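Inspection log for the structure reproduced underneath, given as structure tokens.
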Amino acid sequence: MKLKREKLAKRERKSYDISQSALYNTSTKSKLASLFSIDIKALRECIGDYRQFDLIPEPDPFKSGKPPKTRKVQKPAPRLLAVHERILKLLRCVRVPEYMQFALKGTSYKKNAEAHLRKNNIATLDIRNFFGSTSKSKVFNFFKDSLKAPGDVANFYADLVTFDNCLATGSPLSPLISFYANKNLFDELYNLAKSHDLTFTCYVDDLTFSGDKISNGFLWQVEKTIAAYGHSIACGKTKLFRNGRPAHITGVVVHGGAIRVPNARYRKIRLIKEAIASGKEKHGLSIKELEYKLGGLLGEAAYLDPNHLPAAIEFNKSLQRTSLALLQHKFDCPEVNTEKLLDGASDLPWE
Numbered sequence: 012m013k014l015k016r017e018k019l020a021k022r023e024r025k026s027y028d029i030s031q032s033a034l035y036n037t038s039t040k041s042k043l044a045s046l047f048s049i050d051i052k053a054l055r056e057c058i059g060d061y062r063q064f065d066l067i068p069e070p071d072p073f074k075s076g077k078p079p080k081t082r083k084v085q086k087p088a089p090r091l092l093a094v095h096e097r098i099l100k101l102l103r104c105v106r107v108p109e110y111m112q113f114a115l116k117g118t119s120y121k122k123n124a125e126a127h128l129r130k131n132n133i134a135t136l137d138i139r140n141f142f143g144s145t146s147k148s149k150v151f152n153f154f155k156d157s158l159k160a161p162g163d164v165a166n167f168y169a170d171l172v173t174f175d176n177c178l179a180t181g182s183p184l185s186p187l188i189s190f191y192a193n194k195n196l197f198d199e200l201y202n203l204a205k206s207h208d209l210t211f212t213c214y215v216d217d218l219t220f221s222g223d224k225i226s227n228g229f230l231w232q233v234e235k236t237i238a239a240y241g242h243s244i245a246c247g248k249t250k251l252f253r254n255g256r257p258a259h260i261t262g263v264v265v266h267g268g269a270i271r272v273p274n275a276r277y278r279k280i281r282l283i284k285e286a287i288a289s290g291k292e293k294h295g296l297s298i299k300e301l302e303y304k305l306g307g308l309l310g311e312a313a314y315l316d317p318n319h320l321p322a323a324i325e326f327n328k329s330l331q332r333t334s335l336a337l338l339q340h341k342f343d344c345p346e347v348n349t350e351k352l353l354d355g356a357s358d359l360p361w362e
């Protein structure tokens, strides 16, 4: 029997207690299999069915700094991917704490940063090799303790969603499962922050704390707590921004009570504009590819800071005018009303 891939609806996210989830209290393996409309034998055959490869990111010629590192990726085969997407759909409906700002509708890297606006001191930390250090036993405990599955069923779930004793890096389910498998850690960090009158958020493996005062002793407590759960902090990535200094949080800047676009993005925008205008330093890219990159950057800038929205809309309109002019020339259709076609241009994805 072929399991169909889930089509993730773009409706408002439902939210209810985990005890109301269809995954809750899966008492037998047969009941587990029925959740995926597949027989138990076929489901068992899905276990460990991943395609492994090295992902070598293409270097970005318009970005300064070190080139991105090669990553090991484990991608579920189609049948197993359908299982992961089904679990993801069911877990997406479960209510989560406000400090959790990823993998769900209504969360984002921008909202994660916004939680720390107007804070005098901000600290950011990264958990090293987060998926790799989220072991199968942590995943097993989530299905057994939080979803109340018997041991053999919880183990079956854990086998389905892990690879080589940890979370797979190429599964769409891994980010959300990483939260639930480590929720006890995140809850403890939240309580620790609350006891020091601090705000805490997590964005996958990025942890952020903010408030009037953050001591080195507090950060040591955070690291000690993380170590107690079998994780470690990425060396050299812990940052403490004091006295209202601009703080970099999950790829954006928080300063002056607002979200700002990082200077590195402005530099990239400037370099691409210069390449388009001069036709030089294109790094093997066509003008169309450069315009696509620039449009994406302007759209992101508008998403982060509404002051950039007019520039993003105008650039989008100018591209449409150019495309329509080319079509008119190609098909000799001068009667095409470009202004009428552009009336809907304000309906952009970043608005």
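Per our numbering, the sequence shown starts with residue 12, numbered consecutively.
Glycine included, every Cβ here is placed at the ideal spot set by N, Cα and C.
Quantities reported herein were computed from a predicted structural model and do not represent experimental measurements.
So, under 8 Å CB-CB, Gly59 and Ser144 are touching, yes? Tell me the CB distance rounded to an integer number of Å. In fact, because the Cβ distance is near 20 Å, the residues do not count as touching under 8 Å.
Would you list the residues sitting across from Pro87 in a DSSP beta bridge? Its beta-bridge partners are Tyr61.
If you reduce the DSSP assignment to three classes, tell me which class Ile29 lands in. If DSSP states are grouped into helix, strand and coil, Ile29 belongs with the helices.
Taking all protein chains shown into account, decide if Ser185 is buried (16 or more other Cβ within 10 angstroms of its Cβ) or exposed. Buried, since its Cβ has 16 or more Cβ neighbours within 10 Å.
Minimum length 4: unbroken alpha helix (DSSP H) runs contained in the region 72–153: As far as the region 72–153 is concerned, its whole alpha helix (DSSP H) runs of at least 4 residues are 89–102, 120–125, 147–152.
Would you grab the beta carbon distance between Phe190 and Ala114 for me? Rounded to a whole angstrom, and I think it's under 8 Å. Correct: roughly 7 Å between the Cβ atoms.
For Phe197, the first and last residue of its enclosing alpha helix (DSSP H): Its alpha helix (DSSP H) spans residues 194–206.
In whole angstroms, what separates the C-alpha of Lys291 from that of Leu301? The alpha-carbon separation between Lys291 and Leu301 amounts to approximately 12 Å.
Presumed contact (8 Å Cβ cut-off) between Ile260 and Ala124, rounded CB distance: With a contact defined as Cβ atoms closer than 8 Å, Ile260 and Ala124 qualify at about 4 Å.
Which partner residues does Arg271 have in the DSSP bridge list? DSSP lists Val264 as the bridge partner or partners of Arg271.
Looking at C-alpha atoms only, which residue of Leu315, Leu320, Glu325 is the closest neighbour of Lys122? Across the set Leu315, Leu320, Glu325, the C-alpha of Leu315 shows the shortest separation from the C-alpha of Lys122.
Assign Leu91 to buried or exposed, taking buried as 16 or more other Cβ atoms, counted over all protein chains shown, within 10 Å of its Cβ. Counting Cβ neighbours within 10 Å, Leu91 comes out buried, since at least 16 surround it.
Which residue wins for smallest C-alpha separation from Thr180, given the options Lys159, Phe326, Arg82, Ser26? Ranking the options by Cα distance to Thr180, first place goes to Arg82.
Lys291 - containing alpha helix (DSSP H), residue span: For Lys291, there is no enclosing alpha helix (DSSP H), as DSSP marks it with neither H nor E.
In whole angstroms, give me the CA-to-CA distance for Asp175 and Gly222. Looking at the two C-alpha atoms, the distance is approximately 40 Å.
Restricting to Cα atoms, I'd like to know which of Pro68, Ile138, Gln85 is closest to Pro78. Answer by Cα proximity: Pro68.
So does the region 256–272 actually touch the region 129–139, counting three or more Cβ pairs closer than 8 Å? Output reads yes: the region 129–139 touches the region 256–272.
Please check the pair Val215 and Phe153, which I expect to be a contact at CB under 8 Å, by giving their CB distance rounded to whole angstroms. In fact, because the Cβ distance is near 16 Å, the residues do not count as touching under 8 Å.
Classify Ala179 as helix, strand or coil using the three-state DSSP reduction. Coil.
Is Ala134 near Phe197, with beta carbons less than 7 Å apart? Not closer than 7 Å, so no.
Does the separation of the CB atoms of Ser148 and Pro87 fall below 7 Å? No. Outside cutoff.
I need the straight-line Cα distance from Arg253 to Tyr277, nearest angstrom please. When rounded, the distance between both Cα atoms is 24 Å.
Note down, in chain order, each residue of its chain lying with its Cβ closer than 6 Å to the Cβ of Leu218, except the 5 sequence neighbours on either side. Scanning its chain for C-beta atoms nearer than 6 Å, with the 5 sequence neighbours on each side dropped, one finds around Leu218 the residues Leu136, in chain order.
Just the C-alpha distance for Leu305 and Tyr120, rounded to the nearest angstrom, thanks. Each residue's alpha carbon lies about 21 Å from the other.
Quick check on the burial criterion: 16 or more other C-beta atoms within 10 angstroms. Buried or exposed for Ala169? Burial call: buried.
Classification of Asn193 by the beta-carbon crowding that lies within 10 angstroms, buried from 16 upward: With 16 or more other Cβ atoms within 10 Å, it is buried.
For Tyr27, count the other beta carbons within 10 Å of its own beta carbon; 16 or more makes it buried, fewer makes it exposed. Which is it? Answer is exposed; the Cβ neighbour count stays below 16.
Does the ligand GTP have a heavy atom nearer than 6 Å to the CB of Lys224? Questions concerning the ligand GTP fall outside what the structure shown contains, since it holds no ligand whatsoever.
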